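Read top to bottom, the protein sequences are chains A and B.
Heads up: the first sequence begins at 60 in the working numbering, then just goes up one per residue.
Heads up: the second sequence begins at 60 in the working numbering, then just goes up one per residue.
Number of protein chains: 2
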Amino acid sequence: MKKPTRITIVEVARKAGVSLGTVSRVINEKEGVGSVLREKVLSAARSLGYVPSFAAQSMRSQSSRAVGLMVSDISNPLFAATVSATEEVLYRSGYNMILTNSRDSPDKEKEILDLFQRRRFDGMIITLSKEEDPATLRVLSESRIPTVLFERESTLPLDSVATDHYSGAHQAVSYLLKLAHRRIGLITVTQAALPGRARGLAYSAAHKSAGVPVDASLMSFDGFLPDAGYHAAYRMLVSPRPPTALVVGANQMPGVLKAIRTLKLSIPKKLSLVQIGDTDVASLHQPPLTAVRWEFAKVGAAAAELLLAKISGAVDGSRPRRIVLPTELVLRQSCAAPAA
Amino acid sequence: MKKPTRITIVEVARKAGVSLGTVSRVINEKEGVGSVLREKVLSAARSLGYVPSFAAQSMRSQSSRAVGLMVSDISNPLFAATVSATEEVLYRSGYNMILTNSRDSPDKEKEILDLFQRRRFDGMIITLSKEEDPATLRVLSESRIPTVLFERESTLPLDSVATDHYSGAHQAVSYLLKLAHRRIGLITVTQAALPGRARGLAYSAAHKSAGVPVDASLMSFDGFLPDAGYHAAYRMLVSPRPPTALVVGANQMPGVLKAIRTLKLSIPKKLSLVQIGDTDVASLHQPPLTAVRWEFAKVGAAAAELLLAKISGAVDGSRPRRIVLPTELVLRQSCAAPAA
DNA sequence: GCCTGTCAATGAAACGTTTCATTGGTGCGC
DNA sequence: GCGCACCAATGAAACGTTTCATTGACAGGC
């Protein structure tokens, strides 16, 4: 390993014939340095190839200019657009984003949260696999790092940014009920976290206000399991009393579509279909799928903005802020009244 | 801001009644501390809620245990699976991943590379918007940080990990030529970087060996522009001598499919279609799209592994390592012989 | 011509670790 | 019983910055 000793501020100061403090102020573009010396320092720094050490800066200034992001599954394509917007906002404010993947393991979540503490991140944006995992909550409540929950809510007084999954699912289910569907399947993720829970509640509420009884066998919350979409859809569709419509999370939809194709069911003739989360798969499908839509980028940006506000102290921490972003139902051609 | 002074190693040492060095060795699980003291230190640390400062550690140890990733567009869904695998491999080796988004701007790329220097990252994995941008190359050649180019290649002796885009495109075009297509469109990204360039070359080579002349108006390399897929496909398809087949990058495909739908062309009757990069959009399309396939996760993992090897010094830097991962052509139902 | 206020520049302390040369005990061989 | 090697533990230096109290110089007011 070639290690010809890094150039430090000391070498620059010596070469420019000034003191450490002066170099520091030039580097940080602070007031109070004459233009002659400023130039001298700058040219010395350039010629030596000086690069400030972030570690030293952040140790001294007690700020890492970094934010940790913990998501349950990076490869989830819905996250891609979201995370991109988050990064954009953070970067513009001079923060870097460390991305980690908990793979929905509570153990790994705890590990990552510990890591974030050690790294002294200035803030963190996180999803939790289970919102009420006691070990995780303990770590969180002891943490002094400004935190924003992402697509999650907690009994702890934590700020959060989330999509209005309840309304989204409610719109979708109500719409299908109005089309006279009486057996509607719901295929989504675990109820241990906001998106699945809200959808389950909305599903029941919509049924209740329409006076339609709920059949628990038509709800599947296994979405995080591999092939969950396929299995859940297949099971429901071959049952004695199959659903006439399906409301499906975007990540489960590929599996669901495979099941539908296997069973050769025509859409919307035999089966109506609504996707939660509007993706290319939905809009390009034949027929195009009716979908619950929200702006991925806006959620990601909102989370970053709330976090930045907390870091700067602009938002008082006395009462948790919960930001909820709206959804809309995009009607396409995948829904019809059920066959008589 | 409440800042009741962070607990440091000093407080722990005082409380446990030992020296700094002893605490340090306990924390880092090093040899040479008696079990009595070890326990004392541990319990003192626990009761004080001590958390080591990463900044101080990394300043002292000259290692940031962090790796920078610079991609041209995080929201590109193809990257999601790739980046996820990269993170996984890095995390397992104790490295964190800082994700940045250059949005294909050379200026921002330079800025990000500078940032990586200041942060003293232990390594970086990067895509470049233009492989031969002189300013960027200068920064890179002066950098002392182990670097792996990702889906890019350079005249500089830099290590790289990439998919075999040349073979992939060659397979696709040859297949269509064999089906007797004589006017094949290619819609992909800029030739200033490996994927687009390799595809362009493969396109020409395949035509040459089949003795079919190349029509430059059937190639579009604007893929990074918004709606590029739509515009390129539309232009080609309404031209006097439209193509009978299209080879399209995964990110351009949604736009292309919209154009096809607008023009009401049936697949594969009127138009054959091959997608480069196998995504849900391809496999779920009706009819399912023939696609050039490779394992996204493997590319991401390979990049991380090569970088880790370089960081640890396991791979000698004398000659650049270029890892190329294979592709295969997945035949589905979107291709047929051209209509007479 | 002296005092004061302003401003550029300095020097040293502080940030929280790790490392390394020392010290102080203990057990062992002879 | 003496010296030696060994091991646990110590204390101080070092890592590369920022910050802050101080100094020095200079101009202006009286």
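Note that the Cβ used here is the ideal one computed from N, Cα and C, for glycine as well.
These numbers were taken from a predicted model, which means no experiment stands behind them.
{"Query": "So which of B:Asp223, B:Ser226, B:Tyr262 has the shortest CA-CA distance to arginine 43 of chain B?", "Result": "It is not possible to answer for residue 43 of chain B, since the shown part of chain B is limited to 60 through 399."}
{"Query": "If we ignore side chains and look at the alpha-carbon of each, how far apart do serine 393 of chain B and leucine 235 of chain A end up?", "Result": "33 Å"}
{"Query": "Which ranges does the alpha helix (DSSP H) cover as unbroken runs of at least 4 residues, wholly within the stretch 122–204 of chain B, from first to last along the chain?", "Result": "136–151, 165–177, 193–201"}
{"Query": "Determine, using beta carbons only, whether isoleucine 68 of chain A comes closer than 9 Å to chain B.", "Result": "no"}
{"Query": "Verify whether the separation of the beta carbon atoms of asparagine 279 of chain A and glycine 244 of chain A is less than 9 Å.", "Result": "According to the sequence provided, residue 279 of chain A is serine. The question's asparagine does not apply to it. Yes."}
{"Query": "Just list the alpha helix (DSSP H) runs in the stretch 354–389 of chain A, keeping only unbroken ones of 4 residues or longer that don't cross its boundaries, in chain order.", "Result": "355–370"}
{"Query": "State the Cα-Cα distance for the pair methionine 60 of chain A and leucine 215 of chain B, rounded to the nearest angstrom.", "Result": "Confidence at methionine 60 of chain A is low in this model, with a pLDDT of 33, below 50, so its placement is unreliable and no value can be given for it."}
{"Query": "Does the Cβ-Cβ distance between leucine 343 of chain B and lysine 317 of chain A come in under 9 Å?", "Result": "yes"}
{"Query": "To the nearest whole angstrom, what separates the beta carbons of methionine 156 of chain A and alanine 114 of chain B, a pair I think is in contact under 8 Å?", "Result": "Methionine 156 of chain A to alanine 114 of chain B, Cβ: 17 Å. No contact."}
{"Query": "Classify alanine 194 of chain B: buried if its beta carbon has 16 or more other beta carbons within 10 angstroms, exposed otherwise.", "Result": "exposed"}
{"Query": "Report the residue from A:Arg151, A:Asp163, A:Ile171, A:Asn135 whose alpha carbon sits nearest the alpha carbon of tyrosine 150 of chain B.", "Result": "A:Ile171"}
{"Query": "In whole angstroms, give me the CA-to-CA distance for leucine 365 of chain A and threonine 338 of chain B.", "Result": "34 Å"}
{"Query": "If you follow the alpha helix (DSSP H) that serine 102 of chain A is in, where does it begin and where does it stop?", "Result": "94–107"}
{"Query": "Got a sec: which bits of the stretch 153–174 of chain A sit with their beta carbon under 7 Å from any beta carbon on chain B, in order along the chain?", "Result": "Asn155, Met156, Ile157, Leu158, Thr159, Asn160"}
{"Query": "Would you report the Cα separation of lysine 189 of chain B and alanine 265 of chain A, rounded to the nearest angstrom?", "Result": "53 Å"}
{"Query": "If we cut at 9 Å on Cβ distances, does methionine 60 of chain A have a partner in chain B?", "Result": "A caution first: methionine 60 of chain A carries a pLDDT of 33, below 50, which makes its placement in the model too unreliable to give a value."}
{"Query": "Just to confirm my understanding: we take arginine 391 of chain B, look at its own chain, exclude 5 residues before and 5 after, and list those with CB closer than 8 Å. What are they?", "Result": "Ala341, Ser342, Pro346, Pro347, Leu348, Thr349, Ala350"}
{"Query": "Grab me the residues of serine 276 of chain A's own chain with a C-beta within less than 8 Å of its C-beta, minus the 5 sequence neighbours each way, in chain order.", "Result": "Met295, Ser298"}
{"Query": "Could you please tell me which residues of the stretch 91–114 of chain B, in chain order, have their CB closer than 9 Å to any CB of chain A?", "Result": "Gly108, Val110, Pro111, Ser112, Phe113, Ala114"}
{"Query": "Applying the 10 Å Cβ sphere with the 16-neighbour rule, what's the burial state of threonine 321 of chain B?", "Result": "exposed"}
{"Query": "For threonine 186 of chain B versus glutamate 147 of chain B, is the C-beta distance shorter than 9 Å?", "Result": "no"}
{"Query": "Beta carbon of leucine 96 of chain B, beta carbon of valine 130 of chain B: below 9 Å?", "Result": "no"}
{"Query": "Hey, would you say valine 110 of chain A sits closer than 9 Å to glutamine 121 of chain B, going by beta carbons?", "Result": "no"}
{"Query": "Could you say which of A:Gln334, A:Val383, A:Ala395, A:Ile319 lies nearest to proline 327 of chain A if we only look at CA atoms?", "Result": "A:Ala395"}
{"Query": "Work out the CA separation of alanine 228 of chain B and alanine 75 of chain A for me, nearest whole Å.", "Result": "56 Å"}
{"Query": "Provide the residue(s) that pair with valine 207 of chain B in DSSP beta bridges, ordered along the chain.", "Result": "B:Ile184, B:Asp218"}
{"Query": "Just the chain B side, please: which residues come within less than 8 Å of aspartate 375 of chain A by C-beta, in chain order?", "Result": "Per Cβ cutoff of 8 Å: no residues; aspartate 375 of chain A is ~12 Å from chain B at best."}
{"Query": "According to DSSP, is glutamine 334 of chain A helix, strand or coil?", "Result": "strand"}
{"Query": "Is aspartate 274 of chain A close to chain B, meaning its C-beta is less than 9 Å from at least one C-beta of that chain?", "Result": "no"}
{"Query": "Kindly give me the distance between the Cβ atoms of alanine 362 of chain A and threonine 145 of chain A, rounded to whole angstroms, as I take these residues to be in contact under 8 Å.", "Result": "6 Å"}
{"Query": "Under 6 Å Cβ to Cβ from lysine 62 of chain B, same chain only, skipping five residues before and after it: list those, please.", "Result": "Unreliable positioning characterises lysine 62 of chain B in this predicted model, as indicated by a pLDDT of 43, which lies under 50. A coordinate reading is not provided."}
{"Query": "Grab the span of the beta strand (DSSP E) containing threonine 349 of chain B for me, first residue to last.", "Result": "349–352"}
{"Query": "Counting only the same chain and skipping the five closest in sequence on each side, list residues whose C-beta sits under 8 Å from that of arginine 162 of chain B.", "Result": "Ser131, Asp132"}
{"Query": "How close, in whole Å, do the beta carbons of aspartate 218 of chain A and lysine 369 of chain A come, if the pair is a contact with beta carbons under 8 Å?", "Result": "7 Å"}
{"Query": "Run through DSSP, which three-state label would threonine 67 of chain A get?", "Result": "coil"}
{"Query": "Quick one: does aspartate 218 of chain B have its CB under 9 Å from some CB of chain A?", "Result": "no"}
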